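Residue numbers (the UniProt record's numbering): 1 to 579.
Spelled out as structure tokens, the structure:
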């Protein structure tokens, strides 16, 4: 069937393996690599993950492509005499909401089944993509790792595996889910997606005690993440306390013994609920004291406004007393993140998604659940991964049986094509990007012997360590952005590369310094850092104390939500101070 070439504004014509030339769309001959493909007439754009995506018309078929460094994902729909409307929204096979072992496993299986799942990795309040394992140190019971593996490392491997097989990963919060009508609608902070099926793997969020002074001391002595905040110099050598009696609480208590002088484990019940192995460890650790039948009532402070103790009540006697401690860590369980589905999908009395026994099916056809959002009993990494697998296989079966499946085949090709496309896309972006910002003028200085020894050069944008921070604090005319991190901090791993990209856009106008609070304890203590990641800004030897910074940067739960997904807050701060 002969076809005419439709007019596509800003279109590109591409013969695989040949030079791209937008003026030869009608005359380019078919070319090939190890196989023959027809000429593509395409309209391209750049995704958030900087993979080129485009639609093309091939022999009367509308085809969707996704190009990254090594693979083309090809989507073929039914043949049509007419070109489909470019404004018509595509309906995806599958959207996965959430990450962690459930979400990433579902993404791996769905991508390998050629479903090309769209994954919203999400940000819980105070959390990051990868779920609860991002705040876990050693995972010793996940099969395949005889020596154990850290939670962040395990999640990083799962994420890379999902990405390798073609899952589209977006580090965005989902703000709206509508499953009342099919296709379903999922709206994130940056995009709206229609889909035929949905896997909910939103996990659970750490519970709070809601103490009277909890908000006053949150991230100033009270924390729900010992892994993130326990390494703070302000906690080193101090007496700390952990609330809870399960695996989470016992793990946090054991971890804190690396830094604290002593740890008190506050248990409301008359026995531990943790696994036998964890019970043995805490009971045999001389630096941990267990307090059974103990309720945490509130925290108390000293004359300097610092947390200095915990008001406790013995449930068996009614006695109240103050336990001296400099920090209080929560390990009291989690609540399922199911709020967006309330009134649409059946939930149990505690908010967990109800699924048919032995399946991932919810009360709505086409909606599946995996991981801790539907598991109030086992809540293990391996069971979450297994439920993610079940959910993905169920989706494939559902789409096939309802004639909704559109396969995205994976075709290996050569890199020069992608390099050329990427170059063209970047050129297009550069044409529409704002004019280059004026560079901050600074006097040239000769490097001292100490500078050379420390590897410090003030002309560079990015630095590390307290020597660099001290030099920049006294000598730099630029705005200084300081990121405080810790070696075991999972959220730090997520924030660092994103913040680095933001800094790159303001190169020569800002200095960036990373401070490891374990290596540079003196600096971290002087700055009052009680948790990581934390960001501070300095200008002309003064810390910037705008309410904007205090809300988005120093308030850690908001830091994750506002800064990581969009990098918007840091942009706003840098734009404000540089202009």
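Beta carbons: idealized from backbone N, C-alpha and C, even for Gly.
Note that the coordinates shown come from a computational prediction; the quantities given were computed from them, not determined experimentally.
Put residue i into one of helix, strand or coil per three-state DSSP.
i           : result
residue 252 : helix
residue 161 : helix
residue 497 : helix
residue 543 : strand
residue 536 : strand
residue 301 : strand
residue 372 : helix
residue 607 : A query on residue 607 cannot be resolved here, the shown segment of the chain reaching from 1 to 579 and no further.
residue 153 : helix
residue 309 : strand
residue 504 : helix
residue 481 : strand
residue 133 : helix
residue 294 : strand
residue 340 : helix
residue 492 : helix
residue 462 : strand
residue 4   : Per-residue confidence for residue 4 stands at a pLDDT of 39, beneath the threshold of 50, marking its modelled position as unreliable; the derived number appears in the next sentence. The answer is coil: DSSP assigns residue 4 none of H, G, I, E or B.
residue 516 : strand
residue 121 : coil
residue 100 : helix
Work out the CA separation of residue j and residue i for me, nearest whole Å.
i           : j           : result
residue 488 : residue 401 : 46 Å
residue 665 : residue 448 : Lying before the first or after the last residue shown, residue 665 is absent from the chain, which here runs from 1 to 579.
residue 237 : residue 531 : 16 Å
residue 182 : residue 247 : 41 Å
residue 293 : residue 273 : 13 Å
residue 404 : residue 117 : 14 Å
residue 110 : residue 333 : 30 Å
residue 381 : residue 391 : 15 Å
residue 224 : residue 243 : 10 Å
residue 406 : residue 539 : 54 Å
residue 296 : residue 470 : 41 Å
residue 584 : residue 155 : Outside the modelled stretch of the chain, which goes from 1 to 579, sits residue 584, for which no answer is possible.
residue 616 : residue 365 : The question about residue 616 has no answer here: the residues shown for the chain are numbered 1 through 579.
residue 267 : residue 516 : 33 Å
residue 139 : residue 277 : 13 Å
residue 535 : residue 481 : 7 Å
residue 166 : residue 115 : 9 Å
residue 376 : residue 235 : 33 Å
residue 206 : residue 446 : 51 Å
residue 353 : residue 378 : 14 Å
residue 312 : residue 226 : 21 Å
residue 457 : residue 541 : 19 Å
residue 157 : residue 371 : 18 Å
residue 55  : residue 94  : Because the pLDDT at residue 55 is just 44, under 50, the model does not fix this residue reliably, and the value given afterwards should be weighed accordingly. So the two alpha carbons sit approximately 19 Å from each other.
By alpha-carbon positions, which one of the options ends up nearest to residue i?
i           : options            : result
residue 249 : 219, 234, 213, 291 : 291
residue 240 : 330, 232, 326      : 326
residue 477 : 537, 521, 495      : 537
residue 170 : 150, 149, 152, 193 : 193
residue 101 : 119, 218, 254, 282 : 119
residue 495 : 363, 348, 509, 514 : 514
residue 208 : 500, 202, 219      : 219
residue 245 : 265, 372, 95       : 265
residue 189 : 152, 151, 263, 97  : 97
residue 284 : 374, 500, 253      : 253
residue 288 : 150, 262, 255, 318 : 262
residue 329 : 367, 409, 214, 451 : 214
residue 479 : 543, 528, 91       : 543
residue 90  : 157, 186, 177, 172 : 186
residue 175 : 160, 164, 202, 279 : 202
residue 142 : 383, 161, 362, 204 : 383
residue 233 : 131, 212, 259, 216 : 259
residue 279 : 144, 256, 269, 251 : 251
For chain B, is any of its Cβ atoms less than 7 Å away from the one on residue i?
i           : result
residue 188 : This model lacks chain B altogether, as it is built from one protein chain only.
Would you check if the region 292-310 and the region 188-197 touch, i.e. whether three or more CB-CB distances between them fall below 8 Å?
-> By the Cβ rule, the region 188-197 does not count as touching the region 292-310, because fewer than three pairs are nearer than 8 Å.
Decide if the region 495-511 is in contact with the region 458-476; the criterion is three or more beta carbon pairs, one per stretch, under 8 Å apart.
-> yes
Curious, which full-length beta strand (DSSP E) runs of at least 3 residues does the region 168-240 contain?
-> At a cut-off of 3 residues, the continuous stretches assigned as beta strand (DSSP E) that sit fully inside the region 168-240 are 168-170, 174-178, 184-188, 192-200, 204-206.
Specify whether the region 312-328 and the region 337-349 touch according to this definition: at least 3 beta carbon pairs, one from each stretch, less than 8 Å apart.
-> no
Touch check for the region 518-535 and the region 171-182: three-plus C-beta pairs under 8 Å?
-> No, the region 518-535 does not touch the region 171-182.
Using 8 Å as the threshold, is the region 265-282 in touch with the region 358-371, meaning 3 or more CB pairs across them?
-> Cβ pair count under 8 Å is below three, so no.
Are there three or more Cβ pairs, one per stretch, closer than 8 Å when the region 383-390 is compared with the region 100-116?
-> yes
If you pair each beta-carbon of the region 485-499 with each one of the region 467-475, do three or more pairs fall below 8 Å?
-> no
Would you list, in sequence order, the uninterrupted alpha helix (DSSP H) runs of no fewer than 4 residues that lie entirely inside the region 344-409?
-> For the region 344-409, whole alpha helix (DSSP H) runs of length 4 or above, ordered along the chain, are 381-401.
Ordered list of beta strand (DSSP E) runs contained in the region 257-288, each at least 3 residues = As far as the region 257-288 is concerned, its whole beta strand (DSSP E) runs of at least 3 residues are 262-266.
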